[in-house]
Each structure stands twice: as C-alpha cells, then as structure tokens.
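So the sequences go chain by chain: A and B. Here the first sequence stands for residues 1 to 1057, numbered as in my numbering. Here the second sequence stands for residues 1 to 423, numbered as in my numbering. Glycine included, every Cβ here is placed at the ideal spot set by N, Cα and C. It should be emphasised that the depicted structure is a prediction, and the values quoted were computed from it without experimental measurement. Heads up: the structure comes next, in structure tokens.
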Amino acid sequence: MRIRELYVDGFGVWRDLKITLEPSMNVFLGPNEAGKSTLLNFVRSMWFGFDRRGQPLRGEPLRGGRHGGRLLVGTQGGASYTVERLGGDSGPSAGSVTVSDASGNQFDEELLPNLLGSVSRDVFYSVFAFGLTELEQLDTLHKDEISQALYSAGLGTPVPVTDVEQNLTRQADQLFRPAGSKPTINQLVDSLDAVSRKLSVLRKLPDEYSVVKEEERELLISITQLEQRRGQLRQELLWCKALMSAWEQWEELLQVENELNQLPVVPELPPATVQRMQQLEQRILELKAEVAEREEQTNHTASLLAAISEGEALLRARGEVRHLQERKSAYEKNLQQAETLRRGVEQKSRQVAEGLRSLGGEWSEQQLMEFDTGLQARETVREFARRVQATKEQLERARIELDTVKANRRKLAADFEEASRHKDELIRQSPASPYSYETRCAAAQSHSTLQTEMAMLASERDRIERCLDALHKQAGEPEPAAPPSCSGDQRSKIALAGGVLLTLTSAALFVFEEALAAGALGVLGAAVWVVFAVLRLSARTARVQLTAAANAARAHIRGQQEYWRVELERIDASVGDKQAQLNRCLEVLTGTHTPSAEQTSAAIAELEVEGSLRTSLTAAVNRCEALAQEDRLVARAQEEAARAYQDALQQHRKAEDRFQTWLQSQHLSPALSADGVLEVIQMAQTAKDARHDQDETQSCLDALEAEIGEFVAGVNLVCESCGRPPVSRSEAAGTVTWLNQTLDQVQMLTTELTSAKEALGECQEQLRQHQAAVEDLLAQAEAESIGDFYIKGEVCVHRQSLEERRRRLVIAIGAKCGQWNSRVRGELEQTQLEELRQKAADLSERLASTEAQITEGQTSLGSLRQRLDDMEKDEQLSLFQMRADTLVEELQCRAWEWQRLAIARALLAATREKYEKERQPEVLQTASQYFRAMTGGCYTRVYAPVGQQEIRVETNDRQQIGVEQLSRGTVEQLYLAMRLALAREFGRRSVPLPLVMDDVVVNFDPQRLRQTSAVLGEVARCHQILFFTCHPHVAQALVSAGDARLIELAAGEARTA
Amino acid sequence: MRPFRFIHTADLHLDSQFGGVGSVPEQLQQRLVNSPLRALERIVDACLRCDVDCLIIAGDLYDSSRVGIRTLAYVRQQLLRLKERGIMVVVAAGNHDPLEARRIDVAWPEHVHWLPSREVGRVPVKRGGRVIASVYGISYGQKEVVQNLAVRFPDRPDGDSACSVAVLHSSVDGLGGRENYAPAGLQDLVEKGYCYWALGHVHQARILYNSLECSVVYSGSPQGLNSLETGFRGCWLVEAAPKGPITTEFVPVSDVVWEKIELPIEGIADQDNLNRKVSERLDQLARAYGGSGVLVEIELSGRGVLHPWLNQRGVKDELLQMWQEGESDFTGSFVFPHKLTLATRRDLDLSQLRSQEDFVADLLQLAEGAEPAMLERAAAALEPLMTHRRVRRYLKSADEDALKALLAEAKVLALDLLLGEDQ
C-alpha cells in the first residue's frame, strides 16, 4: 500500500495542505517547527484516529480548517481508496472516518484494517511511523506481535527452553552437587562410605578368626600336655603317699621277719595241735569217771525190776490193759447214762398215758399213732375255717346292703308324700278367671304396647298441629314489595330476611322428616339467597326476582297445609283403633269393659303373683316325678340286694356241710369247731411225740447195757491172766486203773536198765579213741612225751603267729601301695620315711602349680571358643553387605537419573547453539543483513538467545555482545535495522505499508548515514518511505541514495524541490 | 539293588552380593541375606528326605574366598547333618572359591570330600560296605582356568561295574561367558563314558545332553542372586545305574524368588486402573509361587496417557511405596515389589516433529544422530559426578553404549519437558 496523496484540512500548524507523494522515497526537509512531526502524527491519526481531546498530539487545527484531512491510497492490486477523517466538537474524539473508492462507493471503518494488513496501532506506531524517541526505546519492540516475530518464530516449544533448563538444573541439583551434602546422591555416598568402613572392618574378621583358631589349637595342645603332666604328678604323689602310709607296716614286717629267722626248727604242726592235746587229756579223765558211774546205775535198776511179781504177765497183756484204760472213762460215762435213760423211759411212758387221757377215753395208742397230725391236715382245717368265715362275712355284707336299701326306700316314700302335699297346696292357691293365664299375660303385654303407641300418636298429632300453626302464620304475612324510595341496603335486608326465613322453614321440615317439602323450601331458600346476592348488584332485577319467589312460596305453603290436615285425620283414625284394642285387653285382664286404672294395675299385679305361683307349682310337680323315678330305681336295688343275700347264705351253708363231712371222715366230734380240731391235732401230736421219745430212749438203754457187759468181761480176762480174781461191774474201773499203773512202772524200769547198759558201752569206746588220738599227736610232733610235745608245740605256734602277722602286713602294704612285689619292696628298702615326706611335699607343690596352669589355660580356651562362636554367629557382615548392595543399587539408580538430567541439559545446550546459528527468525536474519550494511560489516549478526527476549549482536570477529555495550549511534542503527526488518517481515506476511520516520538518523556519522541511506533506498523499493528531517545533509544523503523526491516544508506550504 | 541316588547342585555363591535389589525393609534384608543358606538347608533336607547316597556340589559354593565365618560355620553344621545318615558330600571348588585362595582352614568332617585342583580326584561312594559308584572331579586352583579340564578325566574309568559321575565347574560350548572358565565341548564330555556330568558355572538350570548312557546337566543356582535370576530355582535329584537309565528330577529349593513384571501402559487411563492392573499381576505371582517369598521388579513400558504423570518427580517413589504397603511380614510367603522401572514414552509422532525444522527437530536430530561430538559433550556433562572423588568408586564409567542409552533417555526427558503436559 502506498499513499499517493495526502490532504490536510486542518491539523496542527497545517491548513489546507495537499501533497502528492512518490511511491518510493519521499524526503521532507524543513526547519525546526516547520510541522514535520505534525505530519507524522497526521498520518498516524488518519489511520488510527485522533488522540483524545486535550492530548498534545491530537493536532487540533491551529490555523483554521476542519480538524482532519484525507489520504489517497493505492493498493498493490491497483485499487484506490480515499480515507477521510474529520473531527469536530460533536463527533467522536477519534474523528469520523469515511472510506470511499475511486467510483465513489462508501465503505465503513471496517475496511481500514484490511488496508493496513491487520497491523495494530502499537505495531504501526512502533515499526511503521516512528521518531527518534521511539527508535531509542527498546521496549517499543517488546509488544507481543513484535516479540513473537523477533524471538519465537519457529522455536516450536510450548514450554520455554530456559524454563526447561532451569527445571533440569534444579532436579539435578536435588540429586547431586559436587560440594553438597544434602542432595540424595551425596547422602547416599555418605551412607555408603560409612557402611564400607564397617564392612572393611568386618572383612578382617576371617583373619582374626584364623588367628584365634590357631591360638585355640595351640592352647589345646598346651592344656593336653599340662594334663598329662598333672596325671604323672598325681600318680607319683599317690605312690609317695602310699609308701608313706605303708611305712609303719613296713617296719613291723622287718621286725617279724627278724623274729622268724631266730626261731628253732620244729616239725610243722597243724594249727591248734597243742590245744587239741590238752583237750584230749581232759576228756580222757572225764570218760574214766563216767564209766564207773554207769556201771553202778545198771545194777540198781535190775534189782528194782525183779521185785515186781506180775511184771512179765502184765508186759504180755499190755495191749489189753492199755485198751481197757482207754475205754475206762467211756465205761464210767455209760454207767451214768444208762441210769438216766432208764428214768427217761419211765417218764415218757407216763406222758403218753396222760395224752391219751386228755384226748378222751376212747383213744387207744394205736388210734393215736394212726391219727393224721401232719401239716397237710392242719392246713385243710384252716382252709375250712377260712371258707366258712368268708361266706359268713359275705352273708353279713349282703344283709347290711339289703337293710340300707330298705331304709332309702322308706325315706323316698316320705319325700314323695311331702312333695305331693306341696303341689296340692299350690293348686289350691291359683286364682279363678274365665281366661287362661297365658291369654291374660298376652293381654297385659298388648295393653302396655298400645299405651306406648297411643302416646306416640298423641305426640305426632301435637307436632302436626304446630306445623299447621306455623304454615298458617307464614301464609298470613304481607307481600315483600319494595317501595320506590327504598334504598339498596333496605332491599338487601328484606331479601336476606326472606332467604333466612325460607331456609329455616326448609331446615325445620327437614328436621321433621319431610324431605320433599324441605327440599322444595331449601331450593326456595337458595333462590332467595341468590336473589339476595343479585340484589347487591342490581336492585331492579332483585325486586322482580323476589316477588316471583314470594309467590312461589305462598303457593307451596298452601299445598303444605292441605297435606298436614290429611295427615292429622289419618292419625285420629289410628288413635280410635288403638283405643278399641286397649279396651279389649282391659276386659280380658279385669273382666270389665271400662275398668279403673287401679283395677287395671291390681289385675296386672295379681297376674305377676300368679306367675310366681305357677313357677313354684311346676317345680313341685317336677320334684314329685323325680322322687317317683328314684323310688322305682331303689325298688330294683332292693330286689338285687335280697337276691345277693340269699346267694351268700347258700354259700355259707355249703361250706359248713363240707367241714362236717371232713370231721366225720377223721372220726372227730361234729361239735368241734375248726379251732377245736386244730387243738385236738396239737394234743395228738404231743402224745405221739412222747410215744416216739419213749421208744428211742429204750433202744439207747439197751445198747449201753451191751457195752458195759463187754467191758467187764475184758477186765476179768486180764485179771485171770495175772492170777487175780474176777471183778464186779462196780469194781471194774478201779481194777483197770491199778493194772495200768503197775504196767507203767514195769515198762519204765525195763527201759532204764537198757539205756544204762548202752551208755556204759559208749563211754568205754570213747575212752579208747581219745587215747589213740594222744598217741597220734605225739607221733606228729616227734615227741617222746607229752611234756616234750608241749615244748615243740609252743615253738610251732609262735612261728605260725609270726607268719600270720607277716602275711597281714604284706596285704596291708599291698593294699596301700596297690600291690606287693619286688618293686615295692625294693622302693621301701631303698628309701627312708623322711625322704618320702620331702618328696611328697615337693610333688604336691608341683601338682598345684600344674593345676593352676590348666585352669588358666581352660579359662583362656573358653573365652577363645566364645569368641569363635560369636564370630560364627555374627550376621553383621552379611547384613552390612546387604545394606551396601541396596545402597549401591540406590546410588546407581539416582546416578542414572542425574546422568539423564545432565545429558538432557547438554543436549539442550547443543540444540540451542545449533538453533541460534541455524534457525534465527527471518526478521533477525534480515535485521542482521541491514545492520551489517549500515555498519559497513563491523557487525555480522543480530540474534536473540533461545528462550530469551534479548537481542545480542555478533561482531565481525565473532564476539557476541549485548546491546548495552554498543554506542548510542550503533544502538540506533541496530534498532532501525530491526524495525526495517520487522516492516519487511510484516510486509511479507500481508501488506507492505509505508514507513514514516522523523529524523531518526541524526546521531549517525556521515559514513553510517550514507550506508543507512543506501539501506533505506533499498527498503523504499518495497515500502514507500516518508522521511522527515531538518538536516539538509541527511536529505541530501537520502536523495542521493536513490530514487527520491525531496519536499521542502516552510511557512505552511510544501514545495517539491 | 537300588540305583545310585544323589543330589546335584552348584553355584550357591554363599555370601554373595545382591545385585539389583532396591530399597527393602530391614526384615526382608535379613531374609534375603539368609536365603542362600536357607537354600542349602533345603538341599540337605532333600538329601535326607530322598535318602540319597551322595550330595555333589559342582563349584562356587562360596561367592568368594573372603567368605564369612558365620557362613562357613553354617555350611559345616548343615553338612554334618548328612554325616549321621552316612551321606557323602563331594565338593568341587569353582572360579569364585578356588582352593588356593582359601583364607580360613575349616576342619571338615571325614564325609566331606573337596576335590583336588592338580588332578582329577576319585571319591568312591559305598553302600553297605560295597562301592556302588565313583565320583570323579577336579577343583579350580586359581580364579581363572584356561585349560580344558575335561580332558584330564579318565575314559570309562569303571566300565560297567559301577556308576561313574563326573563333577566339573566349566563353561561348556561357550555357555556362561568367557574362555577362562575351563572351557569344554559337550561332545568331549559325552564321549568320556561317564553316566552323569554334574556341571556348575551356569546359573540357569539346564540339561545339555540326555541319553540312556549319559546326561550332561547344569544344576543352576539354587537361589536367585539378583533380579535377573528369576523364577523357581533348585537342584537335581538323580538316579543312575551302571547299565540302567538315568532319571533326573528337579527339586525347587529357593527361599526367595525374583520376578519381573512388564506392564505396558497403553490403554491405562488413570491411576486406579494402573493400581488394579499391578495388583492383579502381583496376585498372579502370589498364586504361582504360593509359599515362597517373591521379590518383584515392576517395569512400566509403552506409550500412554499416564506417561507425563508417571515421570513427574516423586510419583515413581510414591507409587512403589504404595504398592509395597501391602506387605510387612517377611517371615513367610510374600510378594514384594522392590523396584519400579519406568520405560514409558510419550505418545508422540516423532517423524512429524522431526519434519518441523524447529528447536525440537534440532534436538531430535542431535540426540538421534549421536555424533561423536554430541557423545563427547554428553560424557563431559557426566564428569562432575563420574570424577567426583567419593562417588566414582561406586559407579562404573559409562562406555559408548551406555552414553547412547543415556542420550536416548535424555532425549525423552527433554522432549517431555519442552512439550509440556498439553501435548
């Protein structure tokens, strides 16, 4: 887009100014205050509106004319538009815009952005129309659109790279810092170092274990050696002590052996030989005395035996004598018993005779013995007795039953008599009437009902009469016609009263069960209510309707009166009927047609008394019937009791007959009762027992007499053999006693004699044997006499005693020294007691020392083994190794994370470098090109570091420096270059707009000015340039740089040079 | 007669370090520390339970010669349990615990036989006073053995009279790494005429060869030692007769199982959804490894809407802590997420970004180009940490591959930050 012509109607110092412009460079040269900046503002204002009123750049016309003007512009497509903006007091402060094309077509303001390529006001003011002030301010380039073009075009990252880099650095620092202590990896390393130190200590444990193990082995050997030595010492000490303990016996042994050597040599005699010789001598003397004594005793006994004459005969019959002696006491007892039995037989005989007498004179002994007194017979008698008794009791019970029944019947007859009498009495009391009791009761009931009905009819009649009165009063009231002067309220009140009256009447009829009339009157009332309501609205309408309603009500009342009169007549007829019925009832009750009230009441009271009498009579009749019924039952019971009594009597008699029959069969008196029979049996039994006892006693007596005879015969036989006379039955026992005693004496003397002879022989034999033994001993001892024997024997006994002592001593020494042999003897012979004591003390000391060493060694061994055990059970190495493993793993994980972060940072840095070199925005590349041209190649590149809103430049020697390091002129050249580049960028994107610059090169040196003019000339090929300056050399430089029109401004005019 | 029955294990690496375990509670640390010892105890239990004749440990019983005293005492105590039942123990030293580097001389009971390092040793195994098998083997004298030790084993030493079992810690056919671990060829082993080759060194259990006459088997480590050694681990229960078939049965013994969950975030809309998915996966593991302790590494991967939130500072730690909260008792079975790895990516059209010729495009070009200059610059960026006096000893220096990987991750991070949350 280019401006072909601008026309200022009135704007600042300018009035009615019209300038035709070149499509490329237009240089406006004018002195200060010529209006250059005003024209710059005019162009700005034409596109984007005037500033607000009062603002310095608003450009209110100072020299007249209408505020504003117009621009004639041509587009790239060849179209022409006129943009006219005029201000005024009434319009908007920005002025009124008119856009029209060459054909005069008007467009609204919306067309302006299209013409400007959608460039905003800010961008236009900063990039396309700017003065020196805007040029020097960098922040005018920081508007979003511009920044985007400068810094972010093509970066492609939603998150700024710098943010990412900071994020990575922060994360990496949290993981690791070379000099830090808190980051994770630093802490892990601390932990690992600690665990490693502990591990290195623990890993030395095997060496220590080996050392301790070796120590244990050596100590074990040492202890074993000490224990062996201790064993030896103990044995030596024991040996020494044994020798010491045996020393006393040893000395005694030596003494005994010395004595033995000094004794003479005699034959060896068995032990106790001397005592044997002494005993033999003593015994021989005793035996000689005993032989003499025995011989004397034998002779004395032989003489005593010879003095008894019956001796031999008694010895021969000694068996019989002994037998008789044995039986003697039995014989004496038999004698006594025989006497007793004899008396018993006599007594029993008397008892039998007595028993027979008791039974009766006709009883013989034979009859007695045949009479059955057994248990069977007694049981039979008892059975008879029981039966008779049972039948007797049964008979008694039947008799009592019969008597009871008879008594009951008599009582029933008396009761029946009483009840009949009571019934007859009641019949006599009943009143006499031509009507039955039931008829009179019905008449009384009807009388009561009729009286109630007549009362109700009278009440109904009263009510109807009241209704007729009420209707009559209603029919008699005046017609409710409203007078013309009647006010609305009065009319309403009359209608309301009529309504109320009709409603009440209707309600009354409804109460008196006249539904139809009530309904009719209800409707009427409702109608009156309606009339009342309508009356409120219209008086005229209400009056008409009220009149109609009143007529209808009167007609209805007349109908009602007629109805009630008919109804009254019907009730009167009904009362007449009821009265006739009542009269009939009274006649039945009292017997008269018109009884008085008292008569009627008395008749009704009598009827009630008669009712109660009738009830009692009915009860009496029932009682009589019940008693007759019961009498019949009791009569039957009496017959049955009589029959039972006869049966019992028959049974009793039958039992009596059977008993009599049995008595006859037993030959007993029929007069005997059962108890009497039992007594006879008992007496017969006693007599029979006495008879049996008599027989048995007699047989015993006979047997005893036989034995006594036999004994006496035996005694006489012995007496005969001994030459003694026979004896009587009473002497027999004494004889036997004498014979026996004599036999005892003979036998004793014979025995004594025999044993005395035997003892004498034995003594003589013993004496011979002892004398032979003495001879043997003498021969053994090679002694010539007993005296010699005793000398040699003593020597022998002494030797044996010494030998025994020696043997015991050897055993004692052997027991103490463990054994007795040549070694023991040799040791004892070669030492002395004192030496032994010294040696024992020495050994004890050495043993104690060895024991102490062993104890010490075992204590050390125990602690060593405990240490080894502790080492074997120590889990620390494994656990610390595990901890180290987990820590290393953790460290490696964290290190990997850090490495990833570090490499990501490096990657970003490398990318940034590449990007900054290869992918700067087009704007900066163009700016670099312009800046390089303006500075004559001193600066090669303009760039924005990635992710930063900052501009840096690179010198031709590749130094990258910031803007703050540049001189003012160079900064202005840089910013101008960037604006030109931005204008190109916008132009490429949409529309190449004209550039309006106000003296922006005043700080450029001549060379840079020339070079900048060349750049501007280049730019002017694409963008129309309107350049304002007050410096002719600047204007000259620009004009000489290319195809440019110089326009001089002065005195309110513009003149083309 | 009952066949020769034995248990074959190796690579217990007692007193080993645990790699890749994140921060875990103290009680769990203790459980982890004791888990290899517990695995040994379970192996001994299995020996007693199965009434074996012999226990063979094919090297690397200890992780290093600097084995702890407690561990030594524990091993001795466990092996003594076998003595009471007359079960022989044959142990070969491996590259981790070579014989000549021993620092502590343990008085082993007579039923424990350490194989010699200078020649192939023979240990006859008796039952009822009669030799039923012979175990041949050789130990490592030093940490590295470049010779093929298999060739030193005698050919068909016992013929058909008894079972011959060979014990060797070796890298067979290049398995298990470099050439300095007694390298051997599988065919050489098979042709030696042993009915069973009990191998150690490779931590994954595997049967290299199996026929009627011969089996060549790596026992694997009975307890996983780091997050890479996942799944159930155990030992082999073997029955072998001189002419009969060889049967092998795997006996799981690991006390703690390592596992890894990879969870793509595609389609996961919010945190609740994510929690539910993780919870489901953890429940699956609990069912699969019922009775054992399970340590889980959770890796979130893929592209999805959760990526920016997940990569916010602190979110990862908070999530892991929240998922860990369910477990507090580590004495019995448990499933514990010990580590959370984020490998998620923003849902971006990189080709479109690359074509935009802007800052982001430049960044992508530099990161993806990984030119030497860029790598040099990346390495320089790491220097403050990697050359730090106290830190450097705990970290491995990043080689070119590591740098490239880091550069790729840095690119993702930088893109996330530059594009913000709105993209």
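Note on geometry: alpha-carbon atoms of GLU705 of chain A and ARG343 of chain A lie some 14 angstroms from one another. Within the DSSP secondary-structure output, PHE1028 of chain A pairs in a beta bridge with A:PHE28, A:ASP998. Residue contact with chain A for ASP15 of chain B: present (Cβ-Cβ distance below 8 angstroms to some residue of chain A). Between the alpha carbons of ARG825 of chain A and GLN262 of chain A lies a distance of about 22 angstroms. Annotation for GLU954 of chain A: THR940, ARG941, GLN960 place their beta carbon closer than 6 angstroms to its own, counting only its chain and skipping 5 residues before and after. Along the stretch 23–54 of chain B, going in chain order, the ones with a CB nearer than 8 angstroms to a CB of chain A are SER23, VAL24, GLN29, GLN30, LEU32, VAL33, ASN34. Under the criterion of beta carbons closer than 8 angstroms, GLN694 of chain A and LYS348 of chain A qualify as touching, at roughly 3 angstroms. For MET88 of chain B, there is no enclosing alpha helix (DSSP H); the residue is part of the beta strand (DSSP E) that begins and ends at 88–92. If you look at GLN638 of chain A, you'll find it in the alpha helix (DSSP H) that goes 597–665. Beyond the five residues adjoining it in sequence on each side, LEU864 of chain A comes within less than 8 angstroms, by CB distance, of VAL212, GLU215, GLU216, LEU219 in the same chain, given in chain order. One thing to note: LEU348 of chain B has its Cβ no nearer than 8 angstroms to the Cβ of ALA361 of chain B.
Membership of ARG4 of chain A in any alpha helix (DSSP H) is not indicated; the residue belongs instead to the beta strand (DSSP E) covering 2–11. Contact check between the stretch 828–836 of chain A and the stretch 173–184 of chain A: fewer than three CB pairs, one atom from each, fall below 8 angstroms, which does not count as touching.
For ILE104 of chain B, at least one C-beta of chain A is nearer than 8 angstroms to its own C-beta. Using a Cβ-Cβ cut-off of 7 angstroms, LYS873 of chain A is close to ARG70 of chain B, given in chain order.
For PHE6 of chain B, not one C-beta of chain A is nearer than 8 angstroms to its own C-beta.
As computed with DSSP, PHE4 of chain B is found in a beta bridge with B:ALA240. A residue is called buried once 16 or more other Cβ atoms fall within 10 Å of its Cβ, and LEU1026 of chain A is buried on that count. Of the residues assessed, GLN187 of chain B falls on the exposed side of the cut-off, its CB having fewer than 16 other CB atoms within 10 angstroms.
Distances from the CA of HIS422 of chain A to each of A:THR615, A:GLN949, A:ASP998, A:GLU851 were compared; the closest alpha carbon is that of A:THR615.
Sequence-ordered contacts of the stretch 846–879 of chain A with chain B read MET871, GLU872, LYS873, ASP874, GLU875, LEU877, SER878, LEU879 [C-beta pairs closer than 7 angstroms]. Here ALA338 of chain A is near ILE708 of chain A, since their CB atoms are less than 8 angstroms apart. Taking a contact to require three or more Cβ pairs closer than 8 angstroms, the stretch 123–130 of chain A and the stretch 977–993 of chain A qualify as touching. Counting along the chain, the unbroken alpha helix (DSSP H) around ALA933 of chain A starts and ends at 922–934. If you draw a 10 Å sphere on the C-beta of PRO183 of chain B, you find 16 or more other C-beta atoms in it, and that means buried. Look at PHE176 of chain A here: in three-state DSSP terms it is coil, with no helix or strand label.
The secondary-structure analysis by DSSP pairs PRO124 of chain B across a beta bridge with B:SER134. Apart from the 5 residues on each side of it in sequence, VAL266 of chain A sits with its Cβ closer than 6 angstroms to the Cβ of LYS792, VAL795, CYS796 in its chain, given in chain order.
DSSP assignment within the stretch 361–398 of chain B yields the following whole alpha helix (DSSP H) runs of 4 residues or more, N-terminal first: 372–386. Taking all protein chains shown into account, LEU285 of chain A has fewer than 16 neighbouring C-beta atoms within 10 Å of its C-beta and is therefore exposed. For PHE334 of chain B, the enclosing beta strand (DSSP E) covers residues 334–345. Contact note: ASP362 of chain B reaches chain A through THR911, LYS914, TYR915, GLU918, ARG919, using a C-beta cutoff of 8 angstroms and chain order. The contact set of VAL201 of chain A on chain B, defined by CB atoms closer than 9 angstroms, is empty, because the minimum CB distance reaches about 13 angstroms.
Distance between SER64 of chain B and TYR915 of chain A, taken at the CA atoms: about 54 angstroms. Here DSSP, grouped into helix, strand and coil, assigns VAL24 of chain B to coil. The Cβ atoms of ARG276 of chain B and ILE261 of chain B do not sit closer than 8 angstroms to each other.
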